[in-house]
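J.: Have a look at this one before I ask anything.
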Amino acid sequence: MTRVLPAAQFLLTLAVTFLGLLAITFVIGRVVPIDPVVAVVGDRASIETYNATKEAMGLDDPLVVQFARYVGQVAQGELGTSVSTGRPVAEDLARVFPATFEMATLGIIIGVALGVPMGVFAAARQGRMADQIIRVIGLAGYAIPAFWLGLIGLVIFYAHLRWVGGPGRIDFFLDGMVPTHTGLLLVDSLIDGNLEAFRSALSHIILPATILGFFALAYIARMTRSFMLEQLGQEFITTARVKGVPERLILWRHAFRPIRVQLITVIGLSYAGLLEGSVMIETVFSWPGIGNYLTTALLNADMNAVLGATLVIGAVFVGINKGSDALYRLLDPRARA
Amino acid sequence: MSLLSVENLRVTFPTDHGPADVVRGLSFTLGRERLGIVGESGSGKSMTGRAIMGLVPAPGKVTADQLMFNGKDLRGLSEDERRDLRGTAMSMVLQDPKFSLNPVIRIGEQIEEAMAVHGTLGRRERRERALEALTAVRIKDPERVARLFPHEVSGGMGQRVMIAMMVVLEPALMIADEPTSALDVSVRGQVLDILADLVSRRGMGLILISHDLNMVARWCDRILVMYRGEIVEEIASGALMDAQHPYTRGLVASLPTIDETRDRLPVLDRGKL
Chain A
1 MTRVLPAAQF LLTLAVTFLG LLAITFVIGR VVPIDPVVAV VGDRASIETY
51 NATKEAMGLD DPLVVQFARY VGQVAQGELG TSVSTGRPVA EDLARVFPAT
101 FEMATLGIII GVALGVPMGV FAAARQGRMA DQIIRVIGLA GYAIPAFWLG
151 LIGLVIFYAH LRWVGGPGRI DFFLDGMVPT HTGLLLVDSL IDGNLEAFRS
201 ALSHIILPAT ILGFFALAYI ARMTRSFMLE QLGQEFITTA RVKGVPERLI
251 LWRHAFRPIR VQLITVIGLS YAGLLEGSVM IETVFSWPGI GNYLTTALLN
301 ADMNAVLGAT LVIGAVFVGI NKGSDALYRL LDPRARA
Chain B
1 MSLLSVENLR VTFPTDHGPA DVVRGLSFTL GRERLGIVGE SGSGKSMTGR
51 AIMGLVPAPG KVTADQLMFN GKDLRGLSED ERRDLRGTAM SMVLQDPKFS
101 LNPVIRIGEQ IEEAMAVHGT LGRRERRERA LEALTAVRIK DPERVARLFP
151 HEVSGGMGQR VMIAMMVVLE PALMIADEPT SALDVSVRGQ VLDILADLVS
201 RRGMGLILIS HDLNMVARWC DRILVMYRGE IVEEIASGAL MDAQHPYTRG
251 LVASLPTIDE TRDRLPVLDR GKL
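These protein sequence lines map, in sequence, to chains A and B.
Residue numbers for the first sequence, in the UniProt record's numbering: 1 to 337.
Residue numbers for the second sequence, in the UniProt record's numbering: 1 to 273.
Okay, structure coming up:
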């Protein structure tokens, strides 16, 4: 009982949140000044054709009926057809989202692996040299525009040093040579045992992912530092010192343990931000991800594609939020009650 | 030989207007007895305790002509050597268990940690000692309490846990910094009883820091009265009413008693001090 009830509650809130999300995308689809009928029949159709098409598309029905139909369609994975690619939107998204997911995941791993220790280290040496250097790095992460860093990165590491691959996900002569299992090239090439493709995909993804990671790092390090400072000022830190606990353990056991929960929220937000698809980075690196897809769709007034992409991004946000809530309960005894 | 002997102890903090002494030239000795330090907020009593523990926060500076503990000169010790003493030879009970216990670590683990970091005992022995310590502070169901998190126990029990944690390695010196001021009046006596009982049974020296004159007079053998970083008077606890210094007499005079009929309590006249 005690285990079933929270799970049921969890699913219910999840369902309600998704319904809210659908309501928002539905309303957006109705209020934008793009006429979906015109998009189908063209602007030279007769008024009769227009009306007949409008009725056939169900746009004469009451909004409630239209919304119910929309929810039913989405539940079946039916997101309509994209005007610009001519393919079902769901199919397009299944292709572009893994590209973004792969880059964002690598980015957040880099951001967390470097950002958290940097923040802890900065807090331990508050006001000293190391702290100042980390502060400047963090500030750079806020101040430098993503596209500029992307271009400079390409000029240095691709054009001059030839350390990394250029734009795109993989060298063009390998493009399409890796069969799709997950849509993640690094994983698919390994499943296939194709090390050449793996190396190529890695050399392409490493620079944009590092740049994304740098932006995540700046935020994560800054938040970690301030969370740590708050904990280090607490009385239980004095207690630990009174017991003779060494400083290394005071940092990682006594101060870091209580901030894990807050950090999960920060990392979750940061990850969700990367998963939305960094339009700038995806454009500079010709990355066929969701940010690129959404931009193209917007510029072509491709409403089905825009709504589909918005829905996926919204779902990712909800998913990450719920996921970090669940971790919250796992890590903080006070939230378990 | 005395357990602790302090001569001309000074704690100084740099400020914008030059260095400020918060403890100015304190001298006293402590045997295996109960010594009370009383004084108002900011009189330097807590900082004296931290200076002995070696826990005066950075930019603060501690100097003394003598700081001998158990025959060791604390002044010459490295940071690591001071740390080795903490928990094993000297420890300190802090004020409020709501803040002084780590909120995300189980009580049992927090008690065992003191033994673990000093690395003398095996895992099973640590666990046994932790349960013994909880029993010693009169916790009836130590196995259950050891598995709890600090927010799951009351303030009085939290403070008993704190005491258990600090006596588990049987230090020779125990400093209690306002150990009961965050507790309900009804459990204060009980917590002090436990503390005093452990101290006398294990032959520790106790420094009880408090602003509660009555309490200190009842529990301690001797009292140091501090004011503005200095000891203004040292009195035997029974002789509180015979205090000579105007500050002490002012404090005694402003204590309310249960059968009094005064309209107003007298206020300290600081101009005369």
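Think of the CB as a built atom: it goes at the ideal place given N, C-alpha and C, for glycine as much as any other residue.
What are the start and end residues of the beta strand (DSSP E) that includes F69 (chain B)?
T.: 66-69
J.: What does DSSP give as the partner residue(s) for L208 (chain B) in the beta ladder?
T.: B:G36, B:A176.
J.: Chain A partners of F149 (chain B), CB-CB under 8 Å?
T.: Chain A residues near F149 (chain B): P333, R334.
J.: For G80 (chain A), which residues from the same chain have a beta carbon less than 6 Å from its beta carbon, with the 5 sequence-adjacent residues on both sides left out?
T.: V89, N304
J.: Using a Cβ-Cβ cutoff of less than 8 Å, which residues in the same chain neighbour P6 (chain A) once the five nearest sequence positions on both sides are dropped?
T.: Its chain contains no residue whose beta carbon lies nearer than 8 Å to that of P6 (chain A) once the 5 sequence neighbours on both sides are disregarded.
J.: So does the segment 200-218 of chain A actually touch the segment 168-184 of chain A, counting three or more Cβ pairs closer than 8 Å?
T.: Yes, since at least three Cβ pairs between the segment 200-218 of chain A and the segment 168-184 of chain A fall closer than 8 Å, the two stretches touch.
J.: Under 8 Å between C-beta atoms, does H17 (chain B) make it to chain A?
T.: No Cβ of chain A is located within less than 8 Å of the beta carbon of H17 (chain B).
J.: Thinking just about the alpha-carbon of each residue, which of B:P57, B:L9, B:R34, B:E81 is nearest to the one in V216 (chain B)?
T.: B:R34
J.: Would you tell me roughly how many angstroms separate the C-alpha atoms of R147 (chain B) and A272 (chain A), rounded to the nearest one?
T.: 36 Å
J.: Beta strand (DSSP E) containing residue 280 (chain B): first to last residue?
T.: There is no way to answer for residue 280 (chain B), as the model of chain B reaches only from 1 to 273.
J.: What residues of chain B sit near L232 (chain A), judged by a beta carbon separation below 9 Å?
T.: Residues of chain B passing the Cβ test: none, with the nearest at roughly 11 Å.
J.: Please report the straight-line C-alpha distance between F67 (chain A) and L330 (chain A), rounded to a whole angstrom.
T.: 37 Å
J.: Should R241 (chain A) be flagged as near chain B, meaning a C-beta pair shorter than 8 Å?
T.: yes
J.: Measuring CB to CB, does L9 (chain B) end up less than 8 Å from A58 (chain B)?
T.: Contact flag unset, no.
J.: Based on Cα-Cα distance, which residue from A:V279, A:D61, A:R125, A:N321 lies nearest to G150 (chain A)?
T.: Of A:V279, A:D61, A:R125, A:N321, the residue nearest in Cα terms is A:V279.
J.: Put I144 (chain A) into one of helix, strand or coil per three-state DSSP.
T.: coil
J.: Does I52 (chain B) have its Cβ less than 8 Å from a Cβ in chain A?
T.: no
J.: Quick one: does L249 (chain A) have its CB under 8 Å from some CB of chain B?
T.: It does; some Cβ of chain B falls within 8 Å.
J.: Tell me whether the beta-carbon of I264 (chain A) lies closer than 8 Å to the beta-carbon of S324 (chain A).
T.: yes
J.: Between G44 (chain B) and L74 (chain B), which are expected to be in contact by the criterion C-beta below 8 Å, what is the C-beta distance as a whole number of angstroms?
T.: With 8 Å as the limit, G44 (chain B) and L74 (chain B) do not qualify as a contact, their Cβ atoms being about 18 Å apart.
J.: For S203 (chain A), report the span of its alpha helix (DSSP H) as first-last.
T.: 195-232
J.: Would I220 (chain A) and G153 (chain A) be called neighbours here (beta carbons separated by less than 8 Å)?
T.: Between I220 (chain A) and G153 (chain A), the C-beta gap is not smaller than 8 Å, which leaves the two residues out of contact.
J.: Taking only the alpha-carbon atoms, compute the straight-line gap between T224 (chain A) and G205 (chain B) and give it to the nearest angstrom.
T.: 41 Å
J.: Is there a C-beta anywhere in chain A that falls below 8 Å from the one on I105 (chain B)?
T.: It does; some Cβ of chain A falls within 8 Å.
J.: What does the Cβ neighbour count give for A326 (chain A), buried or exposed, with the cut at 16 atoms within 10 Å?
T.: exposed
J.: Do you know how far the Cα of L14 (chain A) is from the Cα of G319 (chain A)?
T.: 9 Å
J.: Take P179 (chain B) as the anchor and find which of B:T257, B:A196, B:T15 has the nearest alpha-carbon.
T.: B:A196
J.: Say whether chain A places a C-beta atom closer than 8 Å to the C-beta of T120 (chain B).
T.: At a cut-off of 8 Å, the C-beta of T120 (chain B) has no neighbouring C-beta in chain A.
J.: Please give me, in chain order, every unbroken run of the alpha helix (DSSP H) with length at least 4 that falls completely inside the segment 104-134 of chain B.
T.: 107-118
J.: Apart from the five residues on each side of it in sequence, which residues of its chain come closer than 6 Å, Cβ to Cβ, to D131 (chain A)?
T.: A122, R125
J.: I'd like to know if the segment 307-318 of chain A and the segment 186-197 of chain A are in contact, where contact means that at least 3 CB-CB pairs between them fall below 8 Å.
T.: With the rule of 3 Cβ pairs closer than 8 Å, the segment 307-318 of chain A does not count as touching the segment 186-197 of chain A.
J.: Going by other Cβ atoms of all chains shown within 10 Å of its Cβ, with 16 needed for buried, is Q231 (chain A) buried or exposed?
T.: So Q231 (chain A) ends up on the buried side.
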